[in-house]
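Asker: Dropping a structure here in structure tokens format, bear with me for questions.
Below, the structure is given as structure tokens:
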């Protein structure tokens, strides 16, 4: 007994594996003790009554038989395991039920009737029990009977024992509604071993099935649990006819017949609790459960896994009636729709490709789309799960993808399903389709366009929307990065758009295009043809790669259009005569260029020819839309092509080919076309390496920065002239007053005439009409007669005039807004080209031409919008200033770059804007890098000297020391050139503020640090050491001045500032020791220890700094470094120099 008692505790363990291990160990230990006893035949016992109550005699007899046939440990274990079924401890009921089931499975010395009696004994409900205790006892009976079912001990007993267990489960189910489903599930498990194909089927199985059928027939109401049991019986024995005997009655014996589906839907939707006993009240329905009733698993398994029996309704009818029109009905509650989504999820997980198209019925689609479209809706997460399951189902059955797409975008779905639901469902489904599937999908879309079905023939608006949506889906297919691109279906899309956008199909087409281009049942409108043209152009924007033959898609489209143009029998052009004439000129040049490209052997020139062919093809496609008043885009492009490729005397022309091409590209950018913008960028990228200074200047001039500067200069000149006129007027004679009055009258008349000529004629006509309506302006009135108006007429006239001027002002404001918007858009297009040039030609010296106008845009010069300013700043900062390439080239103007550097520093010295200062600093570093790396150091040093002087001498200077320190750190040549200016700035009399003086010491320290490395030195050792001696003199002068000055002196150094200076001394001493390689004589010549000692004594004697021990310690450390043994210094120097990569890192910095 002591060996098995400890095992009972682990049966209630929290961990599942621990419970199973404890159960196995307990069963094995008990089975070893029961091997000496004989088997008990339950059939030799008396039949047990059907009552759930047990008498004392039953209990005594059952316990006596168990004790006689088993050892004491086994008998105790059976009792304790049965008692443990009612334990309120967490997981105890599960652990004890598993152990009891395992023990009864192998134990042959107990009967099912005796165990059932013990279960009833230990689960008797008394009147003084609370609700929790009663629920524990009901669960004890449920788990106890399930243990008998799992152990198969119940099927070695009498039929009466089986019937008694059945009745006990029915009684437990009637206690609470939430017990109905678990009891129903155990009932189906109870019946399952009675099937005819079971090897251990009891002899009384047929009688038991008949008895259960009778019990079901007397059932007062049908619930999902009793339906599951009925389905189980009819599946096990088809001869049992229960349908007509049930309440409510079914029309046919087969529960799943088409005629019975409405009743079945009602039962599954209502989900009433199970109730068998007529003498007991029907249990009240409990709170709704999110868990789907288990009967759905049986129904779905019947349809999805097994062979469908004869007489069963097709799955499409079953899903439509039982799920779509019931759980997803418009009046269904969110709880029922939640069940509907669960049914849909389980079906999607196992459905075959034949079943998938029947799942997306009208109400399912409506609910799914509504829940997906708004994230805050109750079932949004379940709708999203449906999306993922649909994707998995398509991956499992790719051939069903096209059927699903047609369902989701068809009559019951939405053609713009992905956009409405904010998902990529259609796109993900299409990504799993092969070439054949995509062709079928395109054929489906073309059928929608040619013969719209969802809209009535007279509904023109509905047809147009349906057709446009189909065109958008074709474009979406091309744009999708998930769909596998193929030249076959892409070509079909382009043929469709080209055939109906640029031409009209007047007769059925024969040949390979017959399935793609057809005569529509409802004629295409001009708006639809415009849609086809725009979608074709959008497709060409996306198709950057050539087709399978290496031909760009824009040229492939031109071949299609040429074929259609020659076929007058089936196609007629939609272009106007003026457009046709322009197209012919462009096609002639395109044909000439394609012939030249075939003969060209130079790869660069061949690349330029191909890029220009794409440009011409793009212009032709847009020219198809030209009207009589449309500008001619062809002339400029054709002229540029002639000058670039076919003019032998191009070098003698006033304007070279690249400048003419740039002008043509600018003209195309002025047209509001995303297609032309994309093609222009593509062509400009191909020609960027051939851009000349003049062509680049022409492109930069489009930003209008030069015009703004000229306008400002003109205003200044006008102001000066006005000032001169005023001075002359002051000097004029004032004697002839009358003459002056007459002249004034004449000038006023002239001004009135000028004002009249400047007035908007529309505004003038409206004002005159207002006066006429009040009688103030009549043609018959004499000029000398004055019209008299009363107060009402005056008020009416004031209201009309106020309304007129308000509308006029509003229209002017809108006009200015449109102009500003168009200007910003055009500037953005130009910035796109400049961005490409800066990216691809970062090593070309011509990129410096972009800096000044971009900086002016970033500053917001003129009427620059904030978006354009931000874009210019981004290009300037990311493309130009952060480029690792050094711009180089021949014949660049050094003086111009120096001038621009001066202007940039002038901006730094005047701007209070931190962001603008950062950008100007980056530009300064760019100019400095170019000038210094090309050897123009002196001019750069002069500019930085001016900025350094401004930083030191002007108190309000916005120059930040970090800018100067960074420049000195980056360019050793610059820092060495500034050495004397820096040294002068460290003097007390130079800096306007003590802080700035200390910052110059920091700059000087960076300069000295650079001299430690031989590859960064700009002078020989003697010159460097001589400079350090000058540094020492200035530093000593600074310290002496700080000691001598008082606290009330504004320029004096406080304790913290002086500490920074002394730290500079310490670092300078260390740097000197490294430079001299430990030669104490040279180091002492630069930093005599006696002078440091004298400086320390001055500090210790000073009234201001005698208590600042931290200052004293810095000088003491510097003095100790100079007095160290030179051997130790050499060793330390050698270890420093041997550090791997340190010199390379310093050089890179």
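Numbering (the working numbering), first residue to last: 7 to 1155.
Heads up, the beta-carbon is just placed ideally off N, CA and C, and yes, glycines get one too.
These numbers come from a predicted model, not from an experiment.
1. Excluding the 5 residues preceding and the 5 following residue 612 in the sequence, name in chain order all residues of the same chain whose CB lies nearer than 8 Å to its CB.
2. Going by beta carbon distance, what residues of the same chain come within less than 7 Å of residue 556, once the five residues before and after it are set aside?
3. With a 10 Å radius around its C-beta and 16 neighbouring C-beta atoms as the bar for buried, classify residue 670 as buried or exposed.
4. Is it buried or exposed for residue 498, if we count other Cβ within 10 angstroms and need 16 for buried?
5. Would a C-beta distance cut-off of 9 Å place residue 279 and residue 179 closer than the cut-off?
6. For chain D, check one thing: does any of its Cβ atoms lie closer than 9 Å to the Cβ of residue 298?
7. Could you name each continuous beta strand (DSSP E) segment of 3 residues or more that falls completely within the stretch 560–636, going from the start of the chain to the end?
8. If I measure Cβ to Cβ from residue 524 and keep anything under 8 Å in the same chain, skipping five residues before and after, which residues do I get?
9. Is the beta carbon of residue 215 closer than 9 Å to that of residue 196?
10. What does DSSP give as the partner residues of residue 850 in its beta bridges?
11. So residue 105 is in the alpha helix (DSSP H); what residue range does that whole segment cover?
12. Checking the sheet assignment: what are the DSSP bridge partners for residue 509?
13. Between which two residues does the alpha helix (DSSP H) harbouring residue 328 extend?
14. Between 1048, 129 and 980, which has its C-alpha nearest residue 1004's C-alpha?
15. Excluding five sequence neighbours on each side, which residues of the same chain lie with their C-beta closer than 8 Å to the C-beta of residue 449?
16. Going along the chain, which residues of its own chain have a beta-carbon closer than 7 Å to the beta-carbon of residue 910, five neighbours each way excluded?
17. Please name the residue, chosen from 599, 384, 320 and 236, that lies closest to residue 256 on a Cα-to-Cα basis.
18. Residues in its own chain within less than 8 Å of residue 229 by CB, not counting five upstream and five downstream?
19. Measuring CA to CA, which of 949, 651 and 689 is closest to residue 550?
20. Going by DSSP in three states, residue 1026 sits in which element: helix, strand or coil?
21. What residue range does the alpha helix (DSSP H) around residue 181 cover?
22. Can the beta-carbon of residue 503 be found less than 9 Å from the beta-carbon of residue 446?
23. Could you work out which residue in 995, 315 and 369 is closest to residue 328 when comparing CA atoms only?
24. Over what stretch of residues does the alpha helix (DSSP H) that includes residue 681 continue unbroken?
25. Leaving out five residues on either side along the sequence, give the residues of the same chain with a beta carbon under 8 Å from the beta carbon of residue 30.
26. How would you label residue 788, buried or exposed, when you count the other beta carbons within 10 angstroms and need 16 or more for buried?
27. What first and last residue would you give for the alpha helix (DSSP H) that runs through residue 469?
28. Counting only the same chain and skipping the five closest in sequence on each side, list residues whose C-beta sits under 7 Å from that of residue 150.
29. Using three-state DSSP, classify residue 710 as helix, strand or coil.
30. Report the residue from 174, 873, 843 and 548 whose alpha carbon sits nearest the alpha carbon of residue 831.
31. I need the DSSP call for residue 216, collapsed to helix, strand or coil.
32. Residue 951 lies in the alpha helix (DSSP H); which residues open and close that run?
33. What is the rounded straight-line gap between the Cα of residue 1068 and the Cα of residue 893?
34. DSSP three-state call for residue 280: helix, strand or coil?
35. Decide if residue 20 is buried, meaning its Cβ has at least 16 other Cβ atoms within 10 Å, or exposed.
36. Do residue 338 and residue 346 count as a contact pair if the criterion is CB distance below 9 Å?
Answerer: The short version:
1. Looking up residue 612 in the chain shown gives position 606. 603 and 606.
2. Taking the first residue of the chain shown as 1, we reach residue 556 at position 550. The answer is none, since no qualifying residue turns up.
3. Taking the chain shown and counting its residues from 1, the one referred to as residue 670 is at position 664. It is buried - the Cβ of residue 670 has at least 16 other Cβ atoms within 10 Å.
4. In the chain shown, residue 498 corresponds to position 492, counting from 1. That one is buried.
5. Within the chain shown, numbered from 1, the residue matching residue 279 stands at position 273. Within the chain shown, numbered from 1, the residue matching residue 179 stands at position 173. For residue 279 and residue 179, yes; Cβs fall inside 9 Å.
6. The structure shown contains no chain D, having only a single protein chain.
7. If we require 3 residues or more, the beta strand (DSSP E) runs fully inside the stretch 560–636 come out as 577–579.
8. What you label residue 524 is simply residue 518 of the chain shown in a count that begins at 1. 452, 456, 511, 514 and 515, listed in sequence order.
9. In the chain shown, residue 196 corresponds to position 190, counting from 1. In the chain shown, residue 215 corresponds to position 209, counting from 1. Contact: no.
10. Taking the chain shown and counting its residues from 1, one reaches residue 850 at position 844. Partner(s): 894.
11. Position 99 of the chain shown, counted from the start, is the residue given in the question as residue 105. Run containing residue 105: 98–112, per the alpha helix (DSSP H) assignment.
12. Within the chain shown, residue 509 is the residue found at index 503, counting from 1. Partner(s): 579.
13. Translated into positions along the chain shown, residue 328 becomes position 322. Here residue 328 belongs to no alpha helix (DSSP H), and DSSP marks it neither H nor E.
14. Residue mapping note: residue 1004 aligns to position 998 of the chain shown, counting from 1. When only C-alpha atoms are compared, the closest one is 1048.
15. Here residue 449 refers to the residue found at position 443 when the chain shown is read from its first residue. Around residue 449: 521.
16. Here residue 910 refers to the residue found at position 904 of the chain shown. Cβ contact annotation for residue 910 (same chain, cutoff 7 Å, sequence separation greater than five): 926, 929, 930 and 933, in chain order.
17. The count along the chain shown starts at 1 and reaches residue 256 at position 250. The shortest Cα separation from residue 256 among 599, 384, 320 and 236 belongs to 236.
18. The count along the chain shown starts at 1 and reaches residue 229 at position 223. The beta carbon of residue 229 is closer than 8 Å to those of 186, 190, 273, 277, 278, 279, 280 and 281 in its chain, skipping five residues each way along the sequence.
19. Here residue 550 is taken as the residue at index 544 of the chain shown, counted from 1. Residue 550 has its Cα closest to that of 689, out of 949, 651 and 689.
20. Here residue 1026 is taken as the residue at index 1020 of the chain shown, counted from 1. DSSP places residue 1026 outside both helix and strand once states are collapsed to three, so it counts as coil.
21. Walking along the chain shown from the start, residue 181 turns up at place 175. Under the DSSP assignment, residue 181 falls outside any alpha helix (DSSP H); it carries neither an H nor an E label.
22. In the chain shown, counting from the first residue as 1, residue 503 sits at position 497. In the chain shown, counting from the first residue as 1, residue 446 sits at position 440. It is not a contact, given that the beta carbons lie outside the stated cut-off.
23. Residue numbering aside, residue 328 sits at position 322 when the chain shown is read from its first letter. Nearest in C-alpha terms to residue 328, of all of 995, 315 and 369, is 369.
24. Start at 1 with the first residue of the chain shown, and residue 681 comes out as number 675. Start and end: 680–693.
25. Mapped onto the chain shown, residue 30 falls at position 24. Closer than 8 Å at the Cβ level, and outside the excluded window around residue 30, lie 108.
26. Here residue 788 corresponds to residue number 782 of the chain shown, with the count starting at 1. Bear in mind that a pLDDT of 45 at residue 788, under 50, signals an unreliable position, so the number given afterwards is only what the model happens to contain. When all chains shown are included, residue 788 counts as exposed.
27. By one-based count along the chain shown, residue 469 stands at place 463. Per DSSP, residue 469 belongs to the alpha helix (DSSP H) from 466–485.
28. Along the chain shown, read from residue 1 onward, the residue named residue 150 stands at position 144. Within the same chain, residue 150 has close Cβ partners 88, 91 and 125.
29. If you number the chain shown from 1, residue 710 lands on position 704. Three-state result, residue 710: coil.
30. Your numbering for residue 831 matches position 825 in the chain shown. Considering only 174, 873, 843 and 548, the residue with the shortest C-alpha distance to residue 831 is 873.
31. As a position in the chain shown, residue 216 is number 210, starting the count at 1. In this structure, residue 216 counts as helix in the three-state DSSP scheme.
32. As a first step, residue 951 is located in the chain shown; it is residue number 945 there, counting from the start. Counting along the chain, the alpha helix (DSSP H) containing residue 951 begins and ends at 943–959.
33. As a first step, residue 1068 must be located in the chain shown, where it is residue number 1062. As a first step, residue 893 must be located in the chain shown, where it is residue number 887. Roughly 42 Å between the two C-alpha positions.
34. The residue labelled residue 280 in the question sits at position 274 within the chain shown. Correct three-state label for residue 280: coil.
35. Indexing the chain shown from 1 puts residue 20 at position 14. The residue is exposed, with fewer than 16 neighbouring Cβ atoms inside 10 Å.
36. Start at 1 with the first residue of the chain shown, and residue 346 comes out as number 340. Start at 1 with the first residue of the chain shown, and residue 338 comes out as number 332. Yes; because the gap between Cβ atoms is below 9 Å, this pair is in contact.
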